[in-house]
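> Just dropping this structure here.
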Amino acid sequence: MRMLPSPRYFAPLLAACVALLAPREARAIRPFITDDARVVGRGHVQLETYWRRDRLSLQHWVLPAIGPTDWLELSLGGVHGANHLRSLPESPTYAIGGPLAQGKLLLRETLPNRLPGVAIAVGGLTPAGRGGFEAPGWSGFSYVALTQAFLKEDDLLFHANVGFSAVSAPGLVPAKVTWGLGTQVETVYDFHLIAEIFSGDPYIQGSGGAYQAGFRMIFNDHLQLDGTWGGGLWGDTITPLWFSSGVRVVSHEIF
957 MRMLPSPRYF
967 APLLAACVAL
977 LAPREARAIR
987 PFITDDARVV
997 GRGHVQLETY
1007 WRRDRLSLQH
1017 WVLPAIGPTD
1027 WLELSLGGVH
1037 GANHLRSLPE
1047 SPTYAIGGPL
1057 AQGKLLLRET
1067 LPNRLPGVAI
1077 AVGGLTPAGR
1087 GGFEAPGWSG
1097 FSYVALTQAF
1107 LKEDDLLFHA
1117 NVGFSAVSAP
1127 GLVPAKVTWG
1137 LGTQVETVYD
1147 FHLIAEIFSG
1157 DPYIQGSGGA
1167 YQAGFRMIFN
1177 DHLQLDGTWG
1187 GGLWGDTITP
1197 LWFSSGVRVV
1207 SHEIF
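Under our numbering, the first residue of the sequence shown is numbered 957, with each subsequent residue one higher.
Written out as structure tokens, the structure is:
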């Protein structure tokens, strides 16, 4: 008579299936401009990195972050890439800008079908850099982020930001209001559709209103991939159509 395998044989397979089916926490990461009311968590290290291509430039942003507590996230990063790609008579040039520093304070955790989560972010940029990616002057920003979750886990999310950005540079308005509205809808197998409309990017002085849409794939709690396209809608300088893709990698708790 053929013997059935020992239950211990199935234990690793069962554990793997549970891990694959376990709920994933979806984060509104860059290249999504509208931020969420969440932080990376105590003892975790996070890397958000994304590229963005339009007819004038290719940007690569690198934004590492660390969670010293359950309610605080600290980020330090910057951007580099190629600029003046079709700016005759100028020739393409290497560009770099930063550093960008940001602190994010979680005031209320985001839970499904409860009151919205709330966070406050404060940051700034130096005018260091070259090639057109440097900030026009010393600048700072702050905004409040709200996230409302509905249904199970993160099946349906709405994000809202409102704040201001300020810059010390000739020819630019010293301070302006920034805002953003975004949504995320899970379809199947942790594949999410995302869309947003925003006015002003806190990381880029002088940016106007724009839209962005695309997808977000949640592989697990430690790996997330975004792909988007977008374009300018209003402002002194209309942002050209762009395409972008970003990845978020989060460590296990390491301290």
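Backbone N, C-alpha and C define an ideal beta-carbon position, used for all residues, glycine too.
List the DSSP bridge partners of Val-1205.
Paired residues: Leu-1003, Leu-1179.
> Given this structure, state the Cα-to-Cα distance separating Arg-998 from Trp-1027, to the nearest angstrom.
Between Arg-998 and Trp-1027, the C-alpha separation is close to 8 angstroms.
> Phe-966 to Asn-1176, Cα distance in whole Å?
For Phe-966, the pLDDT reaches just 43, beneath the cut-off of 50, and the residue's location in the model is therefore unreliable, leaving the point undetermined.
> So, using beta-carbon positions, are Gln-1058 and Gly-1080 closer together than 9 angstroms?
A contact, by the Cβ cut-off of 9 angstroms.
> Just to confirm my understanding: we take Glu-1142, look at its own chain, exclude 5 residues before and 5 after, and list those with CB closer than 7 angstroms. What are they?
These residues qualify, in order along the chain: Asp-1110, Asp-1111, His-1148.
> Identify, in the order they occur along the chain, each residue of the same chain with its Cβ nearer than 6 angstroms to the Cβ of Gln-1002, setting aside the five sequence neighbours on each side.
These residues qualify, in order along the chain: Val-996, Ala-1021, Val-1206.
> Use the C-beta contact count for Arg-1070: other C-beta atoms within 10 angstroms, 16 or more gives buried, fewer gives exposed.
Exposed is the call here.
> Going by DSSP in three states, Ile-1210 sits in which element: helix, strand or coil?
Looking at Ile-1210 - three-state DSSP - the assignment turns out to be coil, as it is neither helix nor strand.
> Below 8 angstroms on the Cβ atoms is my contact criterion, and I expect Thr-1005 with Gly-1202 to pass it. Report the Cβ-Cβ distance as a whole number of Å.
That pair is a contact at about 7 angstroms.
> Please report the Cβ distance between Ser-1098 and Ala-1077, rounded to the nearest whole angstrom; I am assuming they are in contact, meaning their Cβ atoms lie under 8 angstroms.
Between Ala-1077 and Ser-1098 the Cβ distance is about 7 angstroms, and since that is below 8 angstroms, they are a contact.
> Once you ignore the five residues that flank Glu-1152 on each side, which residues in its own chain have a CB closer than 8 angstroms to its CB?
Cβ neighbours of Glu-1152 beyond the five flanking positions: Phe-988, Ile-989, Thr-990, His-1115, Gly-1136, Leu-1137, Gly-1138, Thr-1139, Tyr-1167, Gln-1168, Ala-1169.
> Less than 7 angstroms between C-beta atoms, sequence neighbours within five positions excluded: which residues of the same chain meet that for Arg-1008?
These residues qualify, in order along the chain: Pro-987, Gln-1015, Trp-1198, Ser-1200.
> My parser needs the beta strand (DSSP E) runs of 3 or more residues fully inside the region 1095-1159; what are they?
With a minimum length of 3 residues, the continuous beta strand (DSSP E) runs that stay inside the region 1095-1159 are 1112-1124, 1131-1142, 1147-1157.
> Using the rule of at least 16 other Cβ atoms within 10 Å of the residue's Cβ for burial, across every protein chain shown, is Asp-1182 buried or exposed?
Asp-1182 is buried by the Cβ-count criterion.
> Could you give the C-beta distance for Val-1074 and Leu-1067, rounded to a whole number, given that I count them as a contact under 8 angstroms?
That belief does not hold up - the Cβ atoms of Val-1074 and Leu-1067 are roughly 12 angstroms apart, past 8 angstroms.
> Hey, out of Glu-1029, Leu-1012, Ile-1210, Ala-1131, whose CA is closest to Pro-1045's CA?
Taking only the C-alpha atoms, the option nearest Pro-1045 is Leu-1012.
> DSSP on His-1040, reduced to helix/strand/coil?
DSSP places His-1040 in coil when its eight states are reduced to three.
> Smallest Cα separation from Ile-1160: which of Glu-1209, His-1208, Leu-1056?
Checking every option, the nearest Cα to that of Ile-1160 belongs to Leu-1056.
> Going by CA-CA distance only, name the one from Gly-1162, Phe-1106, Phe-1154 that's closest to Gly-1127.
Comparing Cα positions, the closest option is Gly-1162.
> When burial is assigned at 16 or more other CB atoms within 10 Å of the CB, is His-1208 buried or exposed?
Exposed, because fewer than 16 other Cβ atoms sit within 10 Å of the Cβ of His-1208.
> Run the CB neighbour count on Phe-1211, radius 10 Å, all protein chains shown included, and call it buried at 16 or more, exposed below.
The residue is exposed, with fewer than 16 neighbouring Cβ atoms inside 10 Å.
> Pop quiz: Ser-1249 and Ala-1122 are said to be a contact at Cβ under 8 angstroms. What is the actual Cβ separation, rounded to whole angstroms?
There is no way to answer for residue 1249, as the model of the chain reaches only from 957 to 1211.
> Tell me whether Thr-1193 sits in a helix, a strand or coil according to DSSP, three-state version.
Coil.
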